[in-house]
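Asks:
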Amino acid sequence: MTNFPVEKIRADFPILAELIRNKPLVYLDNAATCQKPQAVIDSIVHLYSHDYANVHRGVHTLSVRSTDKFEGARTKVKDFINAASDKEIIFVRGATEAINLVAQTYGKANIKAGDEILITAMEHHSNIVPWQMLCEQTGAILKVAPINLKGELIYDEFEKLISEKTKLVSVVHMSNALGTINPVKQMITAAHAKNIPVLLDGAQAIPHMAVDVQDLDCDFYVFSGHKLYGPAGVGVLYGKQALLEDMPPYQGGGDMIRKVTFEETEYNTLPYKFEAGTPSIADVIGLGAAIDYLNAIGMGKIAAYEAELLDYATEKAKQIKGLRIIGEAEHKGAILSFVLDKIHPHDIGTMLDSLGIAVRAGHHCAMPVMDFFQVPATARASFAMYNTKEEIDVLMKGIESLIEVFG
Amino acid sequence: MFEDLRDLYQEVIFDHNRNPRNFRVMDNADRKVEGFNPLCGDRLTLYLKMDGDTITDASFQGSGCAISTASVSLMTEIVKGKTEQEAEDLFKKFHEMTTGKDEKFNLEAVGKLAVLAGVREYPARVKCATLAWHTLDAALKNEQKSISTE
Chain Y
1 MTNFPVEKIR
11 ADFPILAELI
21 RNKPLVYLDN
31 AATCQKPQAV
41 IDSIVHLYSH
51 DYANVHRGVH
61 TLSVRSTDKF
71 EGARTKVKDF
81 INAASDKEII
91 FVRGATEAIN
101 LVAQTYGKAN
111 IKAGDEILIT
121 AMEHHSNIVP
131 WQMLCEQTGA
141 ILKVAPINLK
151 GELIYDEFEK
161 LISEKTKLVS
171 VVHMSNALGT
181 INPVKQMITA
191 AHAKNIPVLL
201 DGAQAIPHMA
211 VDVQDLDCDF
221 YVFSGHKLYG
231 PAGVGVLYGK
241 QALLEDMPPY
251 QGGGDMIRKV
261 TFEETEYNTL
271 PYKFEAGTPS
281 IADVIGLGAA
291 IDYLNAIGMG
301 KIAAYEAELL
311 DYATEKAKQI
321 KGLRIIGEAE
331 HKGAILSFVL
341 DKIHPHDIGT
351 MLDSLGIAVR
361 AGHHCAMPVM
371 DFFQVPATAR
381 ASFAMYNTKE
391 EIDVLMKGIE
401 SLIEVFG
Chain H
408 MFEDLRDLYQ
418 EVIFDHNRNP
428 RNFRVMDNAD
438 RKVEGFNPLC
448 GDRLTLYLKM
458 DGDTITDASF
468 QGSGCAISTA
478 SVSLMTEIVK
488 GKTEQEAEDL
498 FKKFHEMTTG
508 KDEKFNLEAV
518 GKLAVLAGVR
528 EYPARVKCAT
538 LAWHTLDAAL
548 KNEQKSISTE
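Those protein sequences? They're chains Y and H, same order as listed. Here the first sequence is numbered in the numbering used here, starting from 1 and rising by one per residue. Here the second sequence is numbered in the numbering used here, starting from 408 and rising by one per residue.
#1: DSSP state of H:GLN468, grouped into three classes?
#2: Assign Y:LEU19 to buried or exposed, taking buried as 16 or more other Cβ atoms, counted over all protein chains shown, within 10 Å of its Cβ.
#3: Reducing DSSP to helix, strand and coil, say where Y:ASP29 ends up.
#4: Using Cβ-Cβ distances below 8 Å, what residues of the segment 211-245 of chain Y are close to chain H?
#5: Under the assumption that Y:ASP292 contacts Y:LYS8 (Cβ atoms under 8 Å), give the Cβ distance between them as a whole number of angstroms.
#6: Hey, how far is the Cα of Y:ASN295 from the Cα of H:SER478?
#7: Y:PHE383 touches chain H at which residues, Cβ-Cβ below 8 Å?
#8: Mapping the DSSP letters down to three states, classify Y:GLY286 as helix, strand or coil.
#9: So the candidates are Y:ALA121, Y:ILE128 and Y:THR388; which of them puts its Cα closest to the Cα of Y:GLU157?
#10: For Y:SER354, which residues in chain H fall below 7 Å Cβ to Cβ?
#11: Does the beta carbon of Y:PHE274 sit closer than 8 Å to a beta carbon anywhere in chain H?
#12: Can the beta-carbon of H:ALA516 be found closer than 8 Å to that of H:LYS500?
#13: Give the residues of chain Y in contact with H:SER470, contact being defined as C-beta atoms less than 7 Å apart.
#14: Can you check which of these residues, Y:ASP347, Y:GLU123 and Y:HIS364, is closest to Y:VAL405 by C-alpha distance?
#15: List the whole-angstrom C-beta distance separating Y:GLY277 from Y:GLY239, where the pair is believed to meet the contact cut-off of C-beta under 8 Å.
#16: Closer than 9 Å by beta-carbon distance: list the chain Y residues that pair up with H:PHE421, in chain order.
#17: Write down every uninterrupted run of the alpha helix (DSSP H) in the segment 110-193 of chain Y whose length is 4 residues or greater and which is fully enclosed by it, in chain order.
#18: Assuming Y:TYR312 is part of the alpha helix (DSSP H), what are its boundary residues?
#19: Under 8 Å, with one C-beta from each stretch per pair, do the segment 26-36 of chain Y and the segment 373-384 of chain Y reach the 3-pair mark?
#20: Could you please tell me which residues of the segment 184-199 of chain Y, in chain order, have their CB closer than 9 Å to any CB of chain H?
#21: Hey, is Y:ASP347's beta-carbon within less than 8 Å of any beta-carbon in chain H?
#22: By the DSSP assignment, the beta strand (DSSP E) with Y:GLY239 in it spans what residues?
#23: Of all the CB atoms in chain Y, is at least one closer than 8 Å to the CB of H:ARG532?
#24: Which whole-angstrom value is the C-beta distance of H:CYS535 and H:ASP449, which I expect to be below 8 Å?
#25: Counting pairs of Cβ atoms below 8 Å between the segment 63-83 of chain Y and the segment 314-329 of chain Y, do you hit three or more?
#26: Name the two residues that bound the continuous alpha helix (DSSP H) containing Y:ILE81.
#27: Who pairs with Y:SER224 in a beta bridge, going by DSSP?
#28: Do the segment 327-334 of chain Y and the segment 458-471 of chain H meet, that is, are 3 or more Cβ pairs less than 8 Å apart?
#29: Which term fits Y:ARG74, buried or exposed, when burial requires 16 or more other beta carbons within 10 angstroms of its beta carbon?
#30: Is the beta carbon of H:VAL526 closer than 8 Å to that of H:LEU453?
#31: Quick one: what's got a C-beta closer than 6 Å to H:VAL440's C-beta in the same chain, skipping five residues either side?
#32: According to DSSP, is Y:GLY349 helix, strand or coil?
#33: Which value, in whole angstroms, describes the spacing of the CA atoms of H:LYS489 and H:ASP496?
#34: If you draw a straight line from the C-alpha of Y:ASP393 to the C-alpha of H:LEU412, how long is it?
#35: Can you list the residues of chain H that Y:THR33 reaches, using a CB-CB cut of under 7 Å?
#36: What does Y:MET256 reach in chain H if we use C-beta pairs closer than 7 Å?
Here's what the structure looks like:
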């Protein structure tokens with residue numbers, strides 16, 4: 001391996017020292033959620049121990065401290081994805097809420113009966129259902145660009161589906177079920193040629209690669225904090241300022257208003273217009289700490305290390321008789337989805353758990369993907385920067401043993 | 408290597424998973440109900456042949472994990488010849504056994520279904536074992552629709 005400081009990184013994650021069923025934890029369910037470094041845990045403990053009060057409200061010292069840290073985290077997120085302004089960073093509960101927000105504000109204001117919304121066949125349910133709900137409300141039509149047997153978008157078909165009726169393209173940056181990384185830049189250019197805005201679901205992509213929203217030129221980018229080594233309960237909606245300015249607010253309440261009388265309400269400016277109510281203050285600050293932690297390592301180095309892990313795991317997996325990898329895109333992130341001949345993924349999950357190995361078994365909230373590959377479910381090992389080749393060896397040995405037991 | 412799992416994956420379960428009993432379509436079935444566990448994608452179709460209120464034949468088709476396959480396979484064996492009431496009583500006992508609320512549960516009350524008692528220790532897998540029985544329950548109540556564990 002390249003000289004990636006994986007042992008030093010592992011030491012920063014207290015949970016990795018945990019024994020599961022008396023065996024060292026091998027945590028390979030990172031696509032579901034990542035573990036947290038001590039720096040993130042400490043940031044939350046420190047806030048509640050020393051600096052906590054509500055944000056944007058008081059003139060007292062603690063409110064000022066909390067607000068400074070909270071807004072400081074916004075700037076960290078802005079820099080992390082290279083947004084043009086703090087005003088473009090909206091804190092929400094997660095990627096799911098961010099997509100629902102866009103559907104119910106931008107969508108309702110701009111999408112009408114007969115209009116089309118274009119997604120792909122590899123979307124997570126969170127980038128399907130909000131659009132189905134919008135279609136039900138407006139009479140718009142959901143179009144789905146197909147994938148091939150390797151789990152890649154069939155780009156020509158995608159381009160053909162962009163029409164005068166298309167009002168929004170909403171696609172996954174990296175698939176959670178297959179690992180596929182979509183050619184999003186090319187897709188955005190194609191959509192923009194017809195003046196169609198593009199939302200990228202970055203929930204999976206964000207912990208695995210450097211993301212530059214200005215370079216991508218996407219109109220919206222959404223992700224969750226908990227998949228970026230930060231706390232659960234906070235996520236980010238990035239939107240281009242001009243689009244956000246024109247959008248109606250999502251929820252009404254405190255913080256999102258400038259002036260309220262019983263006759264009328266004047267909404268607050270960006271980003272507060274979309275942040276009604278007391279936010280998840282500690283989680284936002286924890287997300288900022290996660291970003292500091294990642295910046296100190298470098299997203300480029302993380303991506304290179306994880307690519308080595310994936311290559312190693314893929315090569316090992318291919319040597320196992322009866323194992324079929326689901327998702328073999330040329331361009332993919334550190335996810336290994338697989339099925340075994342005559343052994344159900346749920347049995348794989350339970351058996352590996354008894355060895356201390358955490359993998360996901362199920363449909364990964366992507367039932368249409370499972371239907372496409374004609375499997376009820378898959379087992380999925382998803383890697384993070386703290387995983388090692390040795391852990392992959394433990395996984396592969398576990399798989400070989402369970403195949404033996406099932407006979 | 409899998410010593411901890413011996414209570415869950417007993418040899419009988421592997422046997423029924425490899426060679427499920429009564430795994431066939433029943434063309435002249437009196438009852439046919441589909442069971443679905445959306446959490447793991449397990450699907451089964453249960454067929455019953457009735458004579459009055461007695462189950463004279465039971466069979467199934469579908470795909471699922473070893474626990475769910477063994478459970479439905481064992482169930483189709485054990486309910487043959489039972490009356491609706493007897494089958495419902497067995498379902499109640501099976502449910503008690505797998506949800507594990509009664510520490511002193513008498514395993515003899517469920518006969519060979521006792522091999523599935525191990526799921527008590529695995530809350531995530533209880534539904535794999537009970538899907539078959541929920542489907543049977545729906546079939547006995549003559550609910551001609553799909554049932555789901557969720």
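C-beta: ideal position from N, C-alpha, C; glycine also.
Replies: Let's see:
#1: strand
#2: exposed
#3: strand
#4: none
#5: That pair is no contact at about 16 Å.
#6: 51 Å
#7: Under the 8 Å cutoff, chain H gives no residues; its nearest Cβ is about 23 Å from Y:PHE383.
#8: helix
#9: Y:ALA121
#10: PHE409, ASP411 and LEU412
#11: Not an interface residue.
#12: yes
#13: Result: PRO376.
#14: Y:ASP347
#15: No, Y:GLY277 and Y:GLY239 are not in contact; Cβ-Cβ is about 19 Å, not under 8 Å.
#16: VAL405, PHE406 and GLY407
#17: 129-138, 155-161 and 184-192
#18: 299-318
#19: yes
#20: none
#21: Yes, Y:ASP347 lies at the interface with chain H (some Cβ there is under 8 Å from its Cβ).
#22: 235-239
#23: yes
#24: 7 Å
#25: The segment 314-329 of chain Y and the segment 63-83 of chain Y do not touch, with fewer than three beta-carbon pairs separated by less than 8 Å.
#26: Taken as a continuous stretch (DSSP letters only), Y:ILE81 belongs to no alpha helix (DSSP H), as it is neither H nor E.
#27: Y:GLY235
#28: no
#29: buried
#30: no
#31: LEU453, THR542, ALA545 and ALA546
#32: helix
#33: 10 Å
#34: 21 Å
#35: By Cβ distance, chain H contributes nothing, its closest Cβ being about 16 Å from Y:THR33, past 7 Å.
#36: What Y:MET256 touches in chain H: nothing, since even the nearest Cβ is about 35 Å away.
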